[in-house]
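To keep things clear, I will list the structure first and then write my remarks on it.
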Ligand code: XMP
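In the working numbering, the protein residues as written are 35 to 551.
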């Protein structure tokens with residue numbers, strides 16, 4: 035599903051860690067954009083009728099043997115305005131006949147930019163001097179014919195352009211927060227140079243998707259949707275419900291690995307507030323039995339993934355006549371697969387229903403495929419998805435199984451659920467739930483000596499994990515207040531039978547991961 039009806043910007047990805055951030059800024063300005071790999075053909079770009087192109091930065095040097103280059107002819111013949119950022123600027127300078135040389139050292143961090151050409155439309159309305167953020171090795175020493183320098187840092191060229199050819203280059207990164215006026219520069223490119231109107235809003239996206247889903251399912255088609263109780267699947271289900279009502283049947287499977295009371299509470303919430311046609315399937319035994327005696331994290335994940343598919347398939351058969359599967363895939367999941375870095379190595383096999391569509395001959399409906407997480411939250415809010423779901427911390431598909439290190443048993447689930455509830459209560463009480471990306475308890479497979487009353491104890495250890503993160507790809511341990519941690523620790527040891535010690539995880543990702551397994 036694509037947004038054919040919106041004006042669009044295409045961002046060619048040359049491998050920068052900031053490419054998604056450029057897309058965020060463009061969307062924030064109200065313009066729809068797509069990220070495509072740098073190698074995409076000129077015809078493919080033309081077929082999408084973009085209003086403009088942005089060439090991202092990237093880690094390469096234009097002189098590297100394997101330097102990523104756009105398709106021949108793209109720059110020389112483009113009928114669209116082009117903005118090259120960092121490596122994108124160097125590519126343009128090099129490709130159009132200018133000169134790029136390696137700097138003595140890599141320039142990284144803040145720099146003071148001076149605009150030297152007040153007629154530049156890219157810098158319209160901006161002060162003559164401003165702070166910008168740089169991260170580059172090479173720099174431009176000679177401009178291509180017909181280009182002029184528009185801004186510099188120290189004595190180096192930092193921005194150049196050819197208004198006649200509508201080609202613009204910036205050595206610094208306008209998309210990062212460290213370039214405070216960067217958003218305005220991007221807006222100038224979008225509205226002044228590409229002449230965009232800004233027709234992309236979450237409400238427009240809802241309308242468009244509703245129509246598409248309706249067309250896709252026709253008058254009688256039926257879809258199933260696997261709900262996890264998280265943001266993505268709930269918003270996807272709400273959107274499809276708006277389009278086809280009860281012809282979407284949602285399945286919420288209890289795998290016995292959810293948090294305390296979560297199955298019943300989430301089921302009730304989704305039924306009441308969203309009026310979804312939803313079936314709760316209690317399959318706890320189906321999951322817990324094959325997990326007995328399994329210690330290896332990957333083996334646990336595989337068992338859970340396979341069981342989930344079996345249960346889902348059986349339920350779909352029972353419903354009968356299902357042609358579509360709704361999934362809450364987001365834009366970052368989609369672009370990861372086209373990135374210049376290629377598919378990333380598997381650190382943990384993530385639980386999904388990837389095997390389902392082929393196996394069951396289902397057509398996929400992914401109404402959130404073009405959206406970022408915060409856009410999904412906005413849409414969810416407009417669709418009436420309860421705030422409690424929209425602001426919920428992410429929860430892994432394999433659930434508590436990857437937070438009980440070692441063997442998963444009923445007794446260990448009891449301990450972990452109780453500890454986890456206390457942490458959740460205290461965090462909310464302290465009004466800090468929303469300030470962390472995720473916070474949870476982990477049950478360690480060791481016992482330690484303690485003393486309670488006058489008695490020696492030899493009991494389990496609970497680790498508390500709380501992290502801050504933007505997207506879950508990297509994370510830092512949250513600096514939670516000590517008195518909050520003290521309350522959590524005291525309560526867990528006194529209220530949860532079988533635990534005599536609580537520790538706090540102070541590892542970041544990388545080198546650790548967020549979940550322990
Ligand atoms: P890691 O542990 O890889 O986790 O740093 C990154 C984020 O992903 C979540 N996570 C999962 N989510 N299925 C999911 O849907 C999974 O199998 C899974 N494993 C980890 C994790 O909670 C964190 O937010």
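Even glycine gets a Cβ: it sits at the ideal position worked out from N, Cα and C. All of these numbers come straight from a predicted model, not from anything done at the bench.
Excluding sequence positions up to five before and after residue 130, its CB lies within less than 7 Å of the CB of 109, 178, all in the same chain and listed in chain order. Put simply, the backbone Cα of residue 408 is about 50 Å away from that of residue 490. In the three-state DSSP reduction, residue 192 falls in the strand class (E or B). When C-alpha distances from residue 337 are compared across 217, 329, 325, 452, the shortest belongs to 325. DSSP places residue 326 in no alpha helix (DSSP H); its state is neither H nor E.
Using a Cβ-Cβ distance cut-off of 8 Å, the region 40-55 and the region 83-102 are in contact, since at least three pairs of beta carbons, one from each stretch, lie closer than that value. Per DSSP, the continuous beta strand (DSSP E) segment holding residue 399 begins and ends at 397-399. Per DSSP, residue 71 lies in no alpha helix (DSSP H); the unbroken beta strand (DSSP E) holding it starts and ends at 66-71.
In this structure, the C-beta of residue 548 approaches the ligand XMP to less than 7 Å from one of its heavy atoms. For residue 210, same chain residues with a beta-carbon under 7 Å away, outside a window of 5 residues either side, are 52, 55, 167, 216 in chain order. Residue burial is scored here from C-beta neighbours: residue 118 has at least 16 other C-beta atoms within 10 angstroms and is therefore classed as buried. For residue 361, the distance from the CB to the nearest heavy atom of the ligand XMP is not below 7 Å. A distance below 8 Å separates the beta carbons of residue 226 and residue 155. Note on geometry: alpha-carbon atoms of residue 221 and residue 502 lie some 30 Å from one another. Exclusion of the five residues before and after residue 412 leaves 236 as the residues of its chain whose Cβ lies within less than 7 Å of its Cβ. The secondary-structure analysis by DSSP pairs residue 509 across a beta bridge with 543. Setting aside the 5 residues that flank it on each side, residue 363 is surrounded in the same chain by 400, 402, 403, each with a C-beta closer than 7 Å to its C-beta; the list follows chain order. It is roughly 16 Å from the alpha-carbon of residue 551 to the alpha-carbon of residue 495. Rounded to the nearest angstrom, the gap between the Cα atoms of residue 299 and residue 346 is 21 Å. Scanning the region 280-342 from its first residue to its last, the whole beta strand (DSSP E) runs of 3-plus residues come out as 282-288, 312-316.
For residue 225, the secondary structure class from DSSP, reduced to helix, strand or coil, is helix.
When the beta-carbon positions are compared, residue 304 and residue 268 come within less than 8 Å of each other. When DSSP reads this structure, residue 183 sits in a beta bridge with 194. Around residue 150, the same chain offers 183, 184, 185, 186 as residues with beta carbons nearer than 8 Å, after the five sequence neighbours per side are excluded.
With contacts defined by Cβ atoms closer than 8 Å, residue 251 and residue 293 do not form a contacting pair.
Residue 491: member of the beta strand (DSSP E) spanning 489-502, first to last residue. In the DSSP annotation of this structure, residue 245 is not part of any beta strand (DSSP E); the continuous alpha helix (DSSP H) holding it starts and ends at 236-251.
Taking every protein chain shown into account, the CB of residue 508 has fewer than 16 other CB atoms within 10 angstroms, so this residue is exposed. A Cβ-Cβ distance of about 46 Å is found for the pair residue 189 and residue 410, leaving them out of contact under the 8 Å criterion. In the three-state reduction of the DSSP assignment, residue 391 falls in the helix class, which pools H, G and I. Restricting attention to beta strand (DSSP E) runs no shorter than 3 residues, the region 122-162 encloses them at 133-149, ordered along the chain. Going by DSSP, residue 414 is part of no beta strand (DSSP E) but of the alpha helix (DSSP H) stretching over 407-416. Beta-bridge pairing by DSSP links residue 80 to no other residue. In chain order, 222, 226 place their CB closer than 8 Å to the CB of residue 158, counting only its own chain and leaving out the 5 sequence neighbours on each side. When the beta-carbon positions are compared, residue 256 and residue 283 come within less than 8 Å of each other.
Between residue 522 and residue 498, the gap from beta carbon to beta carbon is short of 8 Å.
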